[in-house]
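Novice: Next up is a structure, given as structure tokens.
Numbering (full-length UniProt numbering), first residue to last: 1 to 535.
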């Protein structure tokens, strides 16, 4: 029994020593006495803690603590560690970053056949490469309606050189990410991966865009998915209203549906897609854009792959005429969704007007009846303050704009109960009329909208994929990439007079009105239009 008792004594002694050192207990006069009694045996152990050596990691930390472990409870400060602003002994500080770095410039090279290759170098381990085509639903004919929508679904499928399975495997092998997007005026195909794989990225991207084979079984598979998407539109009234605004408000190319109709889907096949691509995917209408890539490297890889594309004269953009109009679709719903919209001619080719329109959208703002709040949520926008905070019957209200090369459309979307729709239309109309009236918008509101616009522009450009897309789409639109400072300057120069002037120009155009859901109580087009044009 004696060895067992001595072991317990030793463990107790070690534990006491650890606790004393850990809690920084004063040890000047502290003694530990341990007595163990067993039948016939008395063991006594006395230890003076003042003789225990104390070890610290540094000379700074060796200073006696004034608070110990429970200093947080008493409010006392401990000086057992160096202050955070005190450099550690032997540590080497990194060199300071410069206060200003010259922004990277976009370099553009035009090949003899008209293909443009543009890039911007970024300090990043990854690269984003996109191939953009001046082709969208505005170039469709009645025979090819829906081709743009289906082409988006057919991106990165089988080509003359690769099966779809091989394409997927090659993308996976380098950890890449690909996507395609379709709009009314442009198509985009992007590839994002580590910049060490730039040759592989460019070659695969060009192959998928230049050499699709549109196998019947792949086309039929994607047609089924397109039909499923069409069936899901009823669950997203905002997208349906936007399509309706274009079909009702325009005559000509911009009236072509971006979302394929069911009748168009039934007529589409691989042959129609081949003819559409051959007619529109020509050299002068293609831009290869990249961010995070040295221009010389991109050019050396891309030029052999794109230089033999046929050089066909660029066709004139199909004409669109804004007429205004009314669209109504009844569905089984207790809510009514509607939109009021107007045209602003000029589009992106009138930079000042397009920036004023963007600021106007931020000024009106809006959102849903529920929001978590917080900075950047637009809680001080006019539609939040004047509508959502005042009328609980309005479930959502927001301003929107779509700007194209030569025109733009601006309006307000609203969701409300069917019994409140007439009043909601009056409210939306009054908000549009207010910004068109001098003195109704104050400088504080305008400054907030301008700052929000500039913030949105700069935050978007923090993404390398957005930078690549911005390069490609600007080169297609302007033939060059305008510096971001040009857009920020245009935003900063917006005045209250500009807001009033643009708003008056908007409401001077014919009204386009679209409604979906329970449309029984939606007022007539004429009565709503008279609110704007009788002024």
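Note that beta-carbon positions come from the ideal geometry of N, C-alpha and C, so glycine has one too.
So for residue 314, helix, strand or coil by DSSP?
Specialist: DSSP places residue 314 in coil when its eight states are reduced to three.
Novice: Might you give, ordered along the chain, the residues of its own chain that have their beta carbon closer than 6 Å to the beta carbon of residue 423, omitting 5 neighbours on each side?
Specialist: If we look at residue 423 and ignore the five residues flanking it on each side, it has no Cβ neighbours.
Novice: Taking C-beta to C-beta, are residue 418 and residue 334 nearer than 8 Å?
Specialist: Cβ distance < 8 Å, so residue 418 and residue 334 count as in contact.
Novice: Three-state secondary structure (DSSP) at residue 460?
Specialist: Note: residue 460 maps to helix in three-state DSSP.
Novice: For residue 118, count neighbouring C-beta atoms within 10 Å of its own C-beta (all shown protein chains included) and say buried if the count is 16 or more, exposed if not.
Specialist: The residue is buried, with at least 16 neighbouring Cβ atoms inside 10 Å.
Novice: Which of helix, strand or coil does DSSP assign to residue 430?
Specialist: Here residue 430 sits in helix by DSSP.
Novice: Output yes or no for whether 8 Å exceeds the beta carbon distance between residue 206 and residue 475.
Specialist: No, these two residues do not count as a Cβ contact at 8 Å.
Novice: Look at the alpha carbon of residue 196 and the alpha carbon of residue 141, and state the distance between them as a whole number of angstroms.
Specialist: Spanning the two alpha carbons is a distance of roughly 42 Å.
Novice: Helix, strand or coil: which one does DSSP assign to residue 207?
Specialist: Looking at residue 207 - three-state DSSP - the assignment turns out to be helix.
Novice: Under the three-state reduction of DSSP, which class applies to residue 445: helix, strand or coil?
Specialist: Looking at residue 445 - three-state DSSP - the assignment turns out to be helix.
Novice: Can you name the start and end residues of the alpha helix (DSSP H) that residue 343 belongs to?
Specialist: Looking at the DSSP string, residue 343 is not in any alpha helix (DSSP H); the run it does join, the beta strand (DSSP E), is 335-345.
Novice: Which residues bound the beta strand (DSSP E) around residue 395?
Specialist: Taken as a continuous stretch (DSSP letters only), the beta strand (DSSP E) holding residue 395 covers 394-403.
Novice: Is the beta carbon of residue 519 less than 8 Å from the beta carbon of residue 330?
Specialist: Yes. Within cutoff.
Novice: Once DSSP output is grouped into helix, strand and coil, what is the label at residue 49?
Specialist: The pLDDT assigned to residue 49 is 47, lower than 50, so where the model puts this residue is not dependable; a value taken from the coordinates is nonetheless given after this. Helix, per DSSP.
Novice: Among residues of its own chain, excluding the 5 on either side of residue 211, which ones have a beta-carbon nearer than 8 Å to its beta-carbon?
Specialist: If we look at residue 211 and ignore the five residues flanking it on each side, its Cβ neighbours are 159, 160, 161.
Novice: Hey, how far is the Cα of residue 320 from the Cα of residue 184?
Specialist: Going from the Cα of residue 320 to the Cα of residue 184 covers about 12 Å.
Novice: Short check: CB of residue 363 to CB of residue 265, under 8 Å?
Specialist: Not in contact: residue 363 and residue 265 (Cβ atoms no closer than 8 Å).
Novice: Under 8 Å, do residue 129 and residue 201 count as touching if we go by C-beta distance?
Specialist: Cβ atoms of residue 129 and residue 201: closer than 8 Å.
Novice: Please state whether DSSP places residue 116 in a helix, a strand or coil.
Specialist: DSSP places residue 116 in strand when its eight states are reduced to three.
Novice: Within its chain, find whatever has a CB closer than 7 Å to the CB of residue 473; leave out the 5 residues flanking it on each side and keep chain order.
Specialist: If we look at residue 473 and ignore the five residues flanking it on each side, its Cβ neighbours are 132, 186.
Novice: Tell me which residues share the same chain as residue 356 and place their Cβ nearer than 6 Å to its Cβ, disregarding the 5 neighbours each side in the sequence.
Specialist: If we look at residue 356 and ignore the five residues flanking it on each side, its Cβ neighbours are 494, 498, 502.
Novice: According to DSSP, residue 286 sits in a beta bridge with which residue or residues?
Specialist: 133, per the DSSP bridge assignment.
Novice: Provide the residue(s) that pair with residue 107 in DSSP beta bridges, ordered along the chain.
Specialist: The partner list for residue 107 (beta bridge, DSSP) reads 119.
Novice: Express the C-alpha separation of residue 360 and residue 382 in angstroms, rounding to a whole number.
Specialist: If you take the alpha carbons of residue 382 and residue 360, they lie about 10 Å apart.
Novice: Taking the continuous alpha helix (DSSP H) assigned at residue 92, which residues delimit it?
Specialist: Taken as a continuous stretch (DSSP letters only), residue 92 belongs to no alpha helix (DSSP H), as it is neither H nor E.
Novice: Just list the residues that DSSP pairs residue 196 with in beta bridges.
Specialist: Paired residues: none, contrary to the question.
Novice: For residue 101, count neighbouring C-beta atoms within 10 Å of its own C-beta (all shown protein chains included) and say buried if the count is 16 or more, exposed if not.
Specialist: Residue 101 should be labelled exposed.
Novice: Any chance the region 300-313 sits against the region 272-290, with 3 or more Cβ pairs inside 8 Å?
Specialist: Contact holds: three or more Cβ-Cβ distances are below 8 Å.
Novice: What is the rounded straight-line gap between the Cα of residue 441 and the Cα of residue 317?
Specialist: Approximately 38 Å between the Cα atoms of the pair.
Novice: Compare the Cα-Cα distances from residue 213 to each of 343, 409, 192, 276 and report the closest residue.
Specialist: Checking every option, the nearest Cα to that of residue 213 belongs to 276.
Novice: Please state if the CB of residue 138 and the CB of residue 254 are separated by a distance shorter than 8 Å.
Specialist: Their beta carbons are under 8 Å apart, which means residue 254 touches residue 138 by this criterion.
Novice: For residue 155, which three-state DSSP category applies?
Specialist: Residue 155 falls in the coil class under three-state DSSP.
Novice: Span of the beta strand (DSSP E) holding residue 182?
Specialist: 177-182 is the extent of the beta strand (DSSP E) around residue 182.
Novice: Count the CB pairs spanning the region 398-415 and the region 338-352 that are closer than 8 Å, and state whether there are at least three.
Specialist: The answer is yes - the region 338-352 touches the region 398-415, with three or more Cβ pairs under 8 Å.
Novice: Out of curiosity, what's the CA-to-CA distance linking residue 530 and residue 342?
Specialist: If I take the Cα positions, the gap works out to 14 Å.
Novice: Could you name the residues of the same chain whose beta carbon sits closer than 8 Å to that of residue 482, not counting the 5 residues immediately before and after it, in chain order?
Specialist: The answer, listed in chain order, is 351, 474.
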